[in-house]
Amino acid sequence: MNTFLKKWGLCFALLSFSFITTMGANGERNTTNFNKGWKFNLGDVPEAKNPGFDDSNWRTLNLPHDWSIEGEFSEKNPAGTGGGALPGGIGWYRKEFTVSPSEKGKSVSIDFDGVYRNCEVWINGHYLGIRPYGYSSFRYNLTPYLLYGKKNVIAVKVDNSVQPNSRWYSGSGIYRNVWLVYTNKVAVAHWGTYITTPEIKTDLARVHIITKLNSGSAINQPVVLKTSVYNKEGQLVGSASSRVILSKKTGAEISQNLSIKDPVLWSVDRPYLYKAVSQVQCGGKLSDEYETSFGIRHFTFDQQRGFLLNGQQIKIKGVCDHHDLGCLGAAINTRALERQLEILKAMGCNGIRTSHNPPAPELLDLCDRMGFVVMDEAFDMWKKQKTKYDYHLDWDKWHKRDLEDMILRDRNHPSIVLWSIGNEIPEQGSLAGDTIARELASIVKKLDDRPITSACNHVSVDNHIIRSGALDVVGTNYFQKRYPDFPAMFPGKPYVASETTSALATRGSYDMPSELIRRWPVREKGVSSKMNPDLTCSAYDNCSAPWGSTHEETWKLVKKLDYMSGMFIWTGFDYIGEPTPYPWPAKSSYFGIIDLAGFPKDAYYMYQSEWTSKPVLHIFPHWNWNPGDTVDVWAYSNCQEVELFLNGKSLGTKHKEGDALHLLWRVPYIPGTLKAVGRTNGVVVLTDEVRTANAPARIILSTDRSNIHADGSDLSFVTVKIVDKNGVMVPRAGNLVKFKIEGPGFIAGVDNGNPVSLESFKASERKAFNGLCLAVVQAKENSGKIVLTATGDGLEPASVTIDAR
């Protein structure tokens with residue numbers, strides 16, 4: 052059952068196949084990771100499509116690969132700061148592989164999960180096609196052009212040279228996984244199963260499965276499709292069998308029904324998954340075996356009660372996120388995605404919006420397994436442009452295919468509760484909005500019946516996309532002050548806050564000039580371009596974009612209004628590009644609740660105190676100020692009361708009053724220890740403290756995981772902290788830290804979360820930013836001890852050991 056490897060992205064070490072791939076032991080499907088051993092050249096070499104081209108001087112690398120993240124930041128790069136100020140260009144990839152003569156008669160395909168952008172593919176000099184959209188997954192049939200027992204050459208041209216084509220950092224290259232798929236001629240088609248659960252009761256769930264089979268035969272022939280469903284524990288819980296005549300021309304589409312007794316429902320708190328195994332028998336022999344993961348759950352969006360999952364009213368406590376992984380760039384890595392979701396889950400987040408494009412398949416797999424509901428989004432624009440060379444140029448020819456492929460690929464994921472057909476589409480204000488919205492909704496509804504929304508930033512009864520009737524759920528970006536008016540504005544429709552907040556903060560920064568701490572004034576022509584990116588926004592919750600709100604402001608409304616299904620905050624993580632409102636040298640965003648390196652900002656704990664039941668107490672800012680300063684000390688907590696002490700002296704006990712989400716003390720600065728004590732029912736639940744730091748003295752290293760897989764892909768994220776002689780983090784430390792690594796691993800990236808740092812993400816050193824930086828260690832394919840050592844001038848060094856197995 053080799054499709055399991057693709058589904059979960061596990062253990063690339065198992066996929067070392069010496070470039071010779073064969074069928075499974077029973078002659079059925081074999082899906083093999085095809086990432087290893089590609090040749091790469093940055094620059095256009097048209098002759099590279101020819102199989103005899105000499106690429107011996109090209110760089111050898113493994114996919115996924117993003118060449119832009121390896122480049123230098125420059126305000127002259129055509130992507131601009133909106134695109135991360137990193138280079139684009141044209142790149143070529145080539146790979147040789149051999150197919151055994153024993154595989155003649157099989158069908159061989161190559162699957163690309165995503166290539167940014169304008170991807171053209173050749174096999175042995177034969178042109179297979181182009182795919183402009185950088186976020187679509189696609190397949191090509193290689194079978195007619197293969198040479199058996201001889202060298203085959205795949206050549207891929209990626210053209211991201213015409214820019215700007217994105218409003219955020221896109222990355223460049225084959226940045227998602229590639230797979231080689233071997234099947235018999237009679238097999239389940241690409242994305243060939245569709246599983247729904249039309250009837251769910253406490254003691255019984257009816258499961259409906261539609262399976263599309265390919266023929267590849269010269270004659271019509273009888274086949275048997277047996278579908279077996281297994282629970283999470285591997286027990287058989289249901290099956291169905293069908294005999295059909297497979298058409299030599301059209302194949303077959305088979306509908307099956309089965310029942311599961313006492314179903315365990317998928318939810319955000321218990322993301323329980325089932326597995327359907329489709330076995331195709333032809334001529335009495337097993338011809339194909341195909342696995343599909345799915346969940347059993349029911350949900351609805353209700354105008355009065357918001358979002359109900361399995362009959363329970365819950366708020367969607369979600370975030371929007373772009374696809375980059377900080378210092379790793381756009382190159383997908385399952386562990387890096389999992390780490391992001393772990394950090395969000397610990398905050399109490401239960402929802403992800405894939406802003407503003409189809410995500411990597413691995414993200415949806417993780418959301419299924421970890422318990423997140425998903426708004427799966429297709430497009431950032433339709434026919435009207437947002438940047439000069441964006442997808443609007445490809446719209447007429449490709450939008451139908453790209454939308455269909457997203458739905459077909461993703462529709463079995465139980466995590467997906469909304470399809471979004473667009474984000475802040477310019478056609479909201481024209482009649483074209485009606486026509487295109489209805490067309491897109493029709494495409495979706497032919498393939499899946501989940502509700503459709505669009506993230507609208509012109510929330511009005513005159514909005515043509517909303518008026519079209521295409522939307523099952525009205526999505527609103529910002530306009531939070533109009534939330535109370537929605538029932539009257541859009542009678543009969545449920546609502547979701549598809550994008551909110553756009554609050555600004557720089558992790559660890561509190562002392563910016565007071566005139567910039569205040570909310571920006573709204574300007575007719577936007578935000579002043581003269582704002583200084585070095586004077587970045589305070590972590591106090593009072594700095595936001597003119598179209599947005601503070602973290603507290605919007606959550607208070609969503610929390611209070613039952614009919615608001617929930618919210619997706621802009622954003623969960625900082626991302627490369629779009630450093631609004633700051634000009635160069637700012638090159639990454641300020642909107643995240645978590646910074647680019649994965650370090651939480653203070654607002655993280657506000658959400659944690661509201662969105663989780665675990666005890667929370669977090670005080671800030673740091674305690675290194677000037678004599679005579681009076682400092683606003685904030686606490687986020689879900690304790691009943693918090694008492695603050697300075698050097699052992701009580702500064703008073705505070706209780707949250709009304710809808711307040713934080714506590715505040717105004718404290719004259721005296722060096723020492725500021726300590727908060729949280730109590731509930733008179734019992735101390737938590738304490739938190741900040742202490743005055745002395746000069747930087749040493750480095751402390753800590754790993755998110757000290758044991759990782761020796762699979763060539765797994766990661767350990769190492770936090771680097773600059774502390775004084777007493778172990779107190781130095782809040783403004785910016786020391787340069789140099790890294791040395793020994794053993795079977797390498798440094799995949801370094802970062803510090805500073806939006807104006809122009810240091811390379813691919814270096815072996817990094818300056819700390821407000822006391823912290825990050826090194827990402829990636830395993831090679833042999834086991835052993837990886838030792839990372841960090842040094843800095845005037846600092847006591849530190850080492851950490853990571854066990855790769």
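If you count by this note's numbering, then the sequence shown holds residues 52 to 856, one letter each, in order. Quick reminder that beta carbons are idealized off the backbone N, C-alpha and C, glycines included.
P542 counts as exposed, since fewer than 16 other C-beta atoms from the protein chains shown sit within 10 angstroms of its C-beta. For the pair L482 and S519, the Cα-to-Cα distance works out to about 9 Å. For A488, the enclosing alpha helix (DSSP H) stretches over residues 482-498.
For D461, the uninterrupted alpha helix (DSSP H) run begins and ends at 446-461, by DSSP. At a cut-off of 3 residues, the continuous stretches assigned as beta strand (DSSP E) that sit fully inside the region 721-773 are 724-731, 734-742, 749-754.
Restricting attention to K236, V258, N282, the CA atom closest to the CA of S268 is found in K236. Judged by DSSP secondary structure, S660 falls outside any beta strand (DSSP E) and instead within the alpha helix (DSSP H) spanning 654-662.
In the structure shown, the three-state DSSP call for L114 is coil. Here Q436 carries a coil assignment [DSSP, helix/strand/coil].
Within the same chain, R742, T743, A744, N745 come within 8 Å of V779 by CB-CB distance, once the 5 residues on both sides are set aside. When the beta-carbon positions are compared, V788 and C378 stay at least 8 Å from each other.
Shown here, H673 sits in coil according to DSSP, grouped into three states, outside any helix or strand. G142 sits close to L93, with the two beta carbons spaced by under 8 Å. Using a 10 angstroms sphere on the CB of L823, the tally of other CB atoms reaches 16 or more, which defines it as buried. DSSP lists no bridge partner for C378. Residues G135, Y220, D375, S639 of the same chain have their beta carbon placed closer than 6 Å to that of I627, with the five preceding and five following residues left out of the count.
Judged by DSSP in its simplified three-state form, H241 adopts strand. Excluding residues up to 5 positions away in sequence, W89, F91 lie with their Cβ nearer than 7 Å to the Cβ of L112 in the same chain.
Annotation: C507 is outside any alpha helix (DSSP H); the continuous beta strand (DSSP E) that includes it extends over 503-507.
Residue pairing by DSSP places R717 opposite D683 in a beta bridge. Counting C-beta pairs closer than 8 Å gives three or more between the region 462-479 and the region 498-508, which meets the contact rule.
Counting C-beta pairs with one atom in each stretch, the region 338-346 and the region 186-199 have fewer than three that are closer than 8 Å, which means they do not touch.
When secondary structure is reduced to three states using DSSP, Q391 falls in the helix class.
Inter-residue distance for E832 and P215 is about 38 Å (C-alpha atoms, whole angstroms). Out of V207, W230, T234, the CA that lies nearest to the CA of S223 is found in V207.
I161 is positioned such that its CB atom lies closer than 8 Å to that of I205.
By the beta-carbon neighbour count (other beta carbons within 10 angstroms, threshold 16), G703 is exposed. A686 is a Cβ neighbour of H669, given a cutoff of 8 Å. By the CB criterion at 8 Å, A492 and I517 fall outside the cutoff.
Between A506 and S549, the C-beta spacing is below 8 Å. About 6 Å separates the Cβ atoms of G399 and Q659, confirming a contact at the 8 Å cut-off.
Shown here, Y323 sits in coil according to DSSP, grouped into three states, outside any helix or strand. For W606, no beta strand (DSSP E) encloses it; the enclosing alpha helix (DSSP H) starts and ends at 602-611. Cβ contact annotation for R717 (same chain, cutoff 8 Å, sequence separation greater than five): T681, V682, D683, V684, in chain order.
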